[in-house]
Amino acid sequence: MVTEISALGDDDLQLLQDRDGDARDDNVTTWLPRDLQPLHYRVAIQPVLQEGNFTAPGELEFTFRARAATDRVVINVRDLAVDEASVAVEEEGPSGTWRSVGVLRHEYNASMETYAAVLQAALRPGRATKYRLKMKYVGGVRDDLKGLYALTYPGENNAKRYMALTQLHPTNARTMFPCLDEPQHKARFTLAVARRPEHTVVANMPLRASEPRADGWVWDHFHTSVPMSTYLIALAVFDFKFLQLTGERVTQHDRVPVADAVTRDVSVAFRNASRDSSRDVTTRVWARPGLLHRGEYAARIGPRVLRFFSDMFNISFPLPKQDLVAAPKLMFSAMENWGLITFREDSLLVDEANTGSRHLVATTVAHELAHQWFGNLVTMTWWNDVWLNEGFATFMSQLGVSHVEPGWRSEGVFVLENMQGVMQDDALPSSHAVSREVYRVGDIDNIFDAISYKKGSSLVRMMSAFLGADAFQRGLNAYLRRHAYANAAQDDLWAALTEAARTARRPGGARLPPGQSVKSIMDSWTLRTGFPVVDVVRDYCRGTANVTQRRFLVATASSVTTATSTTTATTGSPSAQDADAEDCCWGVPLWLKTPRNLFRPSKPTETLQWLQTRGAEVAGLPGSAQWVLANGARAGFYRVNYDAANWRLLTEGLDDLSDLERAGLVDDALALADAGLLAYEVPLGLLQRLPRTEPSLAWVAALSWLAKISHLLHGTHGANGAQGSSSAFSRWARGVAADLLRVSSSAAVRASTDPVDHAFVTRVRRWACGLGVPECLGQHAPHAPAARLVFNETDICEGSTRTPEEWSSLLTKVSKEDSNLYLKLAECIQSSSAARRMMEMTFMEDENDQMVSDLLVRLSANPHSYDTLMQFLTENLTPLLDRHGNGLSYDFVKSTAPFVKNDDHQNKMKKIFLKSNLNDLSHRAEQGAHNIWWIENQAEHVLKAVQVFVQ
Ligand SMILES: [Zn+2]
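Sequential numbering of the sequence shown, starting at 1, is according to UniProt numbering.
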């Protein structure tokens, strides 16, 4: 059943906030004094979009109560010129009259980004008295993608068109209007925006009235918002048109209608909302002319995802409309502003030429829609809990995608995308905990990293798995209701989930260990850095296993380690593994599966046990002929290693496992071997048994490791200098790649929008063409002439055996504007002079930072261009940083670090670090140090192990 949250008056709002905020005043981190209780902002703003005049004069009326007897009204302001003569502070008198409270002087604090009206008399705290601050000010329509900013795009006949958009997260609302710009200061907002007649304005809430004035401007007045945080306010001023689903048809419209009755109070709509209210939410997709037709897919799935979340959270979407806007430029790939979500164009508009496009659009739309509840309705009290917002939206997104695209293998791709990469980062000694303190404004940007999103979402998935769907959903619902229109911290969520777990109706009740709470389990994952590797060593006679945990760490060149022998090494591990006793212990939900009940549908094939200490014994395991699999569905954020005999059983029993289970096994085995904890014979043995007949998640998981091994072995001959063994790996890899390439070349696979198929095709092609697999050269055109003028994405890499002249000639024929083709070429280019030309054209001449960063990724991953790239970056560092700003140096390091192979690369990397004043990136240096360690210690093992398969 879907239930409603009824509308709240100002007094209800105060109650909510009193309950929510004051109770833990002492614990709340805040930069603003907490003397004011914001109630309502009335903001009128006039964005001027004219060459030479990008101003945005505004007028504010801010209503509040006092929490303390203060004589200062302190409010955030950045880059706004306050018209001091217009400032007035007033106290509410009887029957709606307002009486002036004298303002003595105006104070500014640039570092705290505040303005203060210092008063003649102190304000009276308490609920009896309301105050308001009135002022005029002038802000700008900015050009840095922050706050209220201007954008241009080509209109008809390529004429330059202006538009304005907002990006107020995390602390940019204060550049658009003075406000208490921290997430816990929720209030209602009533916006009025001036526009030229040819423009449309869209805001969080529906349009209430349009008022043309004599000066040629039209003022659009919007309905008053629900109580919300300032960072979620949004505006768009443009001449876009929109698509909307009506019945079964998607139709195009020019203008937003004024909400039926101009006087309609939106809050009444909440109160009267029926069970089906979410079905009445108007969802619109906006894009610039020429691209709008690509919005049809989002217009179809948007309303369905919204209904799915309404049902899932058991709370209707509280706004009457949801706008989705495709922005020509946006700071993030998307931003979840309440009722007006902004997206980069590729994240909202489907590119039918790219089979991965639908998955990207569905995933991004679902992520942002999940935030409407988790983030917007209930907001983190302070930024340190951002991981929960992002982790949660990322996890929910996959459920939303599965709902609208049930034929896709989206869960498997979610697991891989969110666990595989981040586990590599998190295995480095300098990783950090998911939950981090935020002391400075700059810290807020730092916490939006892979650890927040990817590890965060994997931890949410783990929690939902051990609680079970029923308890998870009930706990979530209680949490969202309890804190609706207010704020909460992660402990509030843990409390609600624990209550739900303890009242679970199903047999066995909660799946928490006795005496434990969700908090006690989850704190071990969110406050502690890293994650464990669980060693399962079976005693086959007694039917037991000794199960232990320790932090999973990869070795680096500086930490001298024990090399792996050819037998399974459960003890011969890098010394860092055992370094710190404090690294123990995580509350590990241990899912164990055996083949015993595989063919008895009524019996569970998997049991959940808890490992909370360093080690424990598990009993009741099958005999020596049967395998044991732990964490098969990869619900737990940990890796598993086994004794040699069990690895053998699992390899032989591979056919009995699901694709996701195989993918997990392959990923674990390759990661353990990469870290020196397992002999390469094991993962290579698994890969030999993996069917090469259809695109599978297991191959997708394997391919990112195989590409890395190929890259690291490129140009090296193993520590023993034996070139023969290096080419043995190439021979084996070419054979595998050729088989997989045949699978990926079938018309059905190439046309499929299933994310596993897409990832498979992309990774196989990139790997195979990099290896110079003959089939990659094109069976029908054995030596594609470089002079061919018609290329498409799949055949640009044909002819990887081109001469340097042919590569250069090819490059002159591929336009940078055709970015897909251009980037594809970067994936396979084998001439360093041609690669260098690409770098010049893009890094030194291109304005488009997205293109720069996309090209960096491609040229880094291509072993033939990597050395040239490192050389180019260090040689041209100063002009590059001048041109693109320090922000891009982060991309330099992020893209190139995974492929560092030697001290020379590592020194170049450090040079980039130092020159660009980067901090917090020491883990990138560790990544390089790990590669160097791997080449010195592990390369030999992989070469030796592969010999068996090529003789
Ligand atoms: Zn998000």
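Backbone N, C-alpha and C define an ideal beta-carbon position, used for all residues, glycine too.
So who's on the other strand from Phe62, going by DSSP bridges?
In the DSSP assignment, Phe62 forms a beta bridge with Tyr41 and Leu133.
If you check the beta carbons only, do Ser730 and Leu771 fall under 9 Å apart?
Taking the C-beta atoms as reference points, Leu771 is found nearer than 9 Å to Ser730.
Whole-angstrom C-beta distance between Val77 and Tyr131, which should lie under 8 Å:
So it is not a contact: roughly 18 Å between Cβ atoms.
Hey, Ala167 and Met312 are a contact pair by Cβ (cut 8 Å); roughly how many whole angstroms apart?
According to the sequence displayed, residue 167 carries Gln and not Ala. Actually they do not touch by this definition, with Cβ atoms about 28 Å apart.
What is the chain-ordered set of residues for which the beta carbon lies under 5 Å from any non-hydrogen atom of ligand 3?
With respect to ligand 3, the structure offers nothing, as its ligand set consists of ligand 1.
Is residue 977 helix, strand or coil by DSSP?
An answer regarding residue 977 cannot be provided, because it is not within the stretch 1 to 951 covered by the chain.
In chain order, what residues of the same chain lie with their CB nearer than 6 Å to the CB of Asp891, ignoring the 5 residues before and after it?
Answer for Asp891: Ser853 and Leu856, listed in chain order.
Report yes or no: do the segment 296-306 and the segment 314-326 share at least 3 C-beta pairs separated by less than 8 Å?
Yes, they touch.
Report yes if the CB atom of Val141 is closer than 9 Å to the CB atom of Gly58, and no otherwise.
For Val141 and Gly58, no; Cβs fall outside 9 Å.
Is the beta carbon of Pro695 less than 9 Å from the beta carbon of Val773?
Contact annotation: Pro695 and Val773 have beta-carbon atoms that are not nearer than 9 Å.
Can you find the residues in the same chain that come closer than 7 Å, C-beta to C-beta, to Pro595, ignoring five residues on each side of it along the sequence?
Closer than 7 Å at Cβ, skipping near neighbours: Gln626, Trp627, Gly653 and Asp656.
Within a Cβ cutoff of 8 Å, which residues of the same chain sit near Ser430, ignoring the five residues on either side of it in sequence?
Around Ser430: Ser922, His923 and Glu926.
Just list the residues that DSSP pairs Leu207 with in beta bridges.
The secondary-structure analysis by DSSP pairs Leu207 across a beta bridge with Phe222.
Beta-bridge partners of Ala486, as assigned by DSSP
Beta-bridge pairing links Ala486 to Val378.
Residue environment, Pro898, which counts as buried when at least 16 other CB atoms sit within 10 Å:
The residue in question, Pro898, is buried, as its Cβ has 16 or more Cβ neighbours within 10 Å.
Whose C-alpha, out of Ala366, Ala122, Lys455 and Val201, is nearest the C-alpha of Ile45?
The candidate whose alpha carbon is nearest that of Ile45 is Val201.
Between Ser808, Ser229 and Phe222, which lies nearest to Arg42 when the distance is taken from Cα to Cα?
Ranking the options by Cα distance to Arg42, first place goes to Phe222.
Buried or exposed: which applies to Asn384, given that a residue is buried once 16 or more other Cβ atoms fall within 10 Å of its Cβ?
Counting C-beta atoms within 10 angstroms of its own C-beta, Asn384 has 16 or more neighbours from the protein chains shown and is therefore classed as buried.
CB Arg482 to CB Arg550, shorter than 9 Å?
In this structure, Arg482 lies away from Arg550, with their beta-carbon atoms at least 9 Å apart.
Taking only runs of the alpha helix (DSSP H) that begin and end inside the segment 684-750, which ones reach a length of at least 4 residues, in chain order?
Counting only runs of 4+ residues, the alpha helix (DSSP H) found wholly inside the segment 684-750 occupies 697-713 and 723-744, in chain order.
Contact check, Ala427 vs Glu681 under 8 Å by CB: the rounded distance?
Not a contact, Cβ separation roughly 22 Å.
Rank Pro318, Phe308 and Leu360 by C-alpha distance to the C-alpha of Ser333 and give the top, closest one.
With distances taken between CA atoms, Ser333 lies nearest to Leu360 out of Pro318, Phe308 and Leu360.
Cβ-based neighbour list, Val103, same chain, cut-off 8 Å, excluding 5 preceding and 5 following:
Counting only Cβ-Cβ distances below 8 Å, and skipping sequence neighbours, we find Val87, Ala88, Val89, Ala117, Val118, Leu119 and Gln120.
From what residue to what residue does the alpha helix (DSSP H) around Lys910 run?
Start and end: Asp903 to Lys915.
Excluding the 5 residues preceding and the 5 following His185 in the sequence, name in chain order all residues of the same chain whose CB lies nearer than 6 Å to its CB.
Excluding residues within five positions, the ones whose Cβ falls inside 6 Å are Pro38.
Among Asp668, Leu497 and Leu672, which residue has its Cα nearest to the Cα of Val554?
For the options Asp668, Leu497 and Leu672, the alpha carbon positioned closest to that of Val554 is the one of Leu672.
Could you have a look at Ser865 and say whether DSSP puts it in helix, strand or coil?
Coil.
Since Thr190 and Lys146 are thought to touch, with beta carbons under 8 Å apart, how far apart are those beta carbons, to the nearest angstrom?
About 24 Å; that fails the 8 Å criterion.
Looking only at DSSP bridge pairs, what is Glu617 linked to?
Looking at the DSSP output, Glu617 sits in a beta bridge with Asn546.
Minimum C-alpha distance to Ala702 - residue among Ser752, Ala759 and His714:
Looking from the CA of Ala702, the closest CA among Ser752, Ala759 and His714 belongs to Ala759.
Return the CA-CA distance between Phe466 and Thr607, expressed in angstroms with no decimal places.
Rounded to the nearest whole angstrom, the CA to CA distance from Phe466 to Thr607 is 11 Å.
According to DSSP, is Lys519 part of a helix, a strand, or is it coil?
Residue state, collapsed to three classes: helix.
Residues of its chain near Val74, where Cβ-Cβ distance is below 7 Å and the 5 sequence neighbours each way are ignored:
Taken in chain order, the residues that qualify are Leu32, Pro33, Thr114 and Ala116.
Any idea which residues DSSP pairs His253 with across the strands?
Per DSSP, the beta bridge partners of His253 are Phe242.
With DSSP collapsed to three states, give me the class of Thr498.
Thr498: helix per DSSP, three-state reduction.
Please name the residue in Leu888, Leu232, Phe242 and Ala259 whose C-alpha comes closest to that of Ser210.
Comparing alpha-carbon positions, the option among Leu888, Leu232, Phe242 and Ala259 lying closest to Ser210 turns out to be Ala259.
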